[in-house]
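Quick notes on the structure that follows.
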Amino acid sequence: MTKTVAVIGATGLQGSSVLKTLHATPGYRVRGVTRRPGGEAAQALAAQCPDAEWVQGDLNDAGSLAAAFRGADVVFGVTDFFQPDVLARVAAGDQDAEFAQGRNIVDAAIAARVALVVWSGLPSAARLSGGKYPGVLHFEGKHRVAEYLRSKSGQIDGLVVHVGFYMENYTRFARLSPETGDGRTVEFAFPLRPDTRLPLTDTASDVGPVVRHMLAHPDQFRGAPAVVVSGGDRAAREMAAAFTEATGRPARFVQIPYDALGSDELAQMFRFLDEFGYFGHDAPDTSNAVDGYSFTTPLEFWKRRGWTGPVQPPAAS
Numbered sequence: 001m002t003k004t005v006a007v008i009g010a011t012g013l014q015g016s017s018v019l020k021t022l023h024a025t026p027g028y029r030v031r032g033v034t035r036r037p038g039g040e041a042a043q044a045l046a047a048q049c050p051d052a053e054w055v056q057g058d059l060n061d062a063g064s065l066a067a068a069f070r071g072a073d074v075v076f077g078v079t080d081f082f083q084p085d086v087l088a089r090v091a092a093g094d095q096d097a098e099f100a101q102g103r104n105i106v107d108a109a110i111a112a113r114v115a116l117v118v119w120s121g122l123p124s125a126a127r128l129s130g131g132k133y134p135g136v137l138h139f140e141g142k143h144r145v146a147e148y149l150r151s152k153s154g155q156i157d158g159l160v161v162h163v164g165f166y167m168e169n170y171t172r173f174a175r176l177s178p179e180t181g182d183g184r185t186v187e188f189a190f191p192l193r194p195d196t197r198l199p200l201t202d203t204a205s206d207v208g209p210v211v212r213h214m215l216a217h218p219d220q221f222r223g224a225p226a227v228v229v230s231g232g233d234r235a236a237r238e239m240a241a242a243f244t245e246a247t248g249r250p251a252r253f254v255q256i257p258y259d260a261l262g263s264d265e266l267a268q269m270f271r272f273l274d275e276f277g278y279f280g281h282d283a284p285d286t287s288n289a290v291d292g293y294s295f296t297t298p299l300e301f302w303k304r305r306g307w308t309g310p311v312q313p314p315a316a317s
């Protein structure tokens, strides 16, 4: 029987990975849910996935989501704390802004009589740190949504996935080395110790196959802890070494101060990662999360991405 899967955030890294993977898998119909179905990103994906359906849905409006989910068997749910509207609400004092969006997804799925929600959550840094780091809001909101989904188990099935530290973040934190001045050496500058171990994830490639496996074997994961999308923990600096191996361009990992990003939320997150790790001191074993699937390595990520680093800006004339 063909299942219809409504994918929230279908134009983002996680959502597009799920949408493209299921679109290529027999037995699934995919429905992209986005604020702007006619936008450039949605249209580009529509060209890649011509049989996909596209509908409008606003995470701040549970009614619009219920309409978008109508007739779907499964919803893949994810929220983005760093969207401008969420950040604006947080800045205005609403620390529950992301949780409210996730709660809307769950409530709308129940209203639309969806059978299953696969929720992309994160662990609670506050709980894992014993209350030391309560302000990592993009972890806390997602964690609370997972708890809310589980509390509705009498009304809807729920599975939870945890995506690791995005390998894609390394492109955002890359710069030309101001020390070497050679216009070639790339620095990956993070407020992290180089030897801090992270569950690195090629989000665009690996989330979809994991979700597909969960949908094919729901009983294996029902009631179990979250499934981790990562091939295992690696030292933060390993991405720099892999970049050099893939591109031939010199690179290094550079630790910058925790407050360099101008965000207490991010400063708490990086302090938490250095002190406790992504999942606390008891990191889950990810080796058998998906039987037979090989997660993307840092070297494979750089080779597949084809990105060769930041470019030296032209000299002023």
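Sequential numbering of the sequence shown, starting at 1, is according to UniProt numbering.
Just so you know, even glycine gets a beta-carbon here, dropped at the ideal spot from N, CA and C.
Below 8 Å between beta carbons: does that hold for residue i and residue j?
i	j	result
Gly280	Pro123	yes
Ile110	Lys142	no
Ala72	Val118	no
Met269	Tyr170	no
Ala91	Ala6	no
Val207	Gln83	no
Phe165	Pro199	yes
Asp202	Phe301	yes
Gln95	Leu59	no
Val30	Ala52	yes
Ala235	Leu299	no
Thr4	Gly27	no
Thr11	Ala41	yes
Leu120	Gly77	Looking at the sequence itself, residue 120 is Ser, so the reference to Leu does not match. Yes, these two residues count as a Cβ contact at 8 Å.
Arg197	Gly277	yes
Ala204	Glu245	no
Asp157	Leu116	yes
Pro310	Ala189	no
Can you find the residues in the same chain that come closer than 6 Å, C-beta to C-beta, to residue i, ignoring five residues on each side of it along the sequence?
i	result
Ser177	Thr185 and Glu187
His213	Val290
Phe139	Leu122 and Ala125
Gly237	One detail in the question is off: residue 237 reads as Arg in this sequence, not Gly. Pro194 and Phe253, listed in sequence order.
Thr247	Thr308
Provide the residue span of the beta strand (DSSP E) that contains residue i, from first to last.
i	result
Ala189	Val186 to Phe190
Gly158	Asp157 to Val163
Thr171	Premise fails: Thr171 lies in the alpha helix (DSSP H), Asn169 to Arg172, not in any beta strand (DSSP E).
Trp54	Glu53 to Gln56
Ala6	Lys3 to Ile8
Val311	Looking at the DSSP string, Val311 is not in any beta strand (DSSP E), and its letter there is neither H nor E.
Arg29	Tyr28 to Thr34
Can you tell me where the alpha helix (DSSP H) with residue i in it begins and where it stops?
i	result
Val210	Thr203 to Ala216
Gln43	Glu40 to Gln48
Ile18	Here the sequence assigns Val to residue 18, which means Ile is not the residue at that position. Taken as a continuous stretch (DSSP letters only), the alpha helix (DSSP H) holding Val18 covers Leu13 to His23.
residue 368	Any question about residue 368 goes unanswered here, given that the chain covers just 1 to 317.
Please classify residue i as buried or exposed, where buried requires at least 16 neighbouring CB atoms within 10 angstroms.
i	result
Ser294	exposed
Lys20	buried
Ala97	buried
Gln220	exposed
Arg150	exposed
Gly32	buried
Ser287	Residue confidence for Ser287 is low, a pLDDT of 49 falling below 50, so the modelled location carries little weight; the figure read from the coordinates is stated next. Burial call: exposed.
Gly57	buried
Thr180	exposed
Gly262	exposed
Gln101	buried
Gln43	exposed
residue 318	Because the chain here runs from 1 to 317, residue 318 falls outside it and cannot be looked at.
Arg9	Rather than Arg, the amino acid found at residue 9 in this sequence is Gly. Burial call: buried.
For residue i, which residues in the same chain have their Cβ closer than 7 Å to its Cβ, ignoring the five residues on either side in sequence?
i	result
Asp264	Gly135
Gln312	Leu176 and Gly183
Arg103	Val145 and Tyr148
Ala66	Ala108, Ala111 and Ala112
Gln155	Ile110
Val18	Val7, Phe76, Val207, Gly208 and Val211
Ala88	none
Tyr133	Ala125, Ala126, Gln268, Arg271 and Phe272
Val163	Gln14, Ser120, Thr201, Thr203, Val207 and Val229
Counting only the same chain and skipping the five closest in sequence on each side, list residues whose C-beta sits under 8 Å from that of residue i.
i	result
Pro257	Pro191
Val210	Val161, Val227, Val229, Ala289, Val290 and Tyr293
Gly63	Ala108
Pro37	Trp54, Val55 and Gln56
Arg70	Ala112
So is residue i in contact with chain C if we call contact Cβ pairs under 8 Å?
i	result
Pro194	No chain C appears in this structure, which consists of one protein chain only.
ask   = Where are the beta strand (DSSP E) runs, 3 residues long or more, that stay fully inside the region 73–124, in chain order?
value = Listed in chain order, they are 74–77 and 116–121.
Practice task
Report the residue ranges of all alpha helix (DSSP H) runs contained in full by the region 129–153; include only those spanning at least 4 residues, in chain order.
Solution key: Listed in chain order, they are 137–151.
As an exercise, report each continuous beta strand (DSSP E) stretch of at least 3 residues that is fully enclosed by the region 220–303, in chain order. DSSP runs (the beta strand (DSSP E)) wholly in the region 220–303: 227–229, 233–235 and 251–255.
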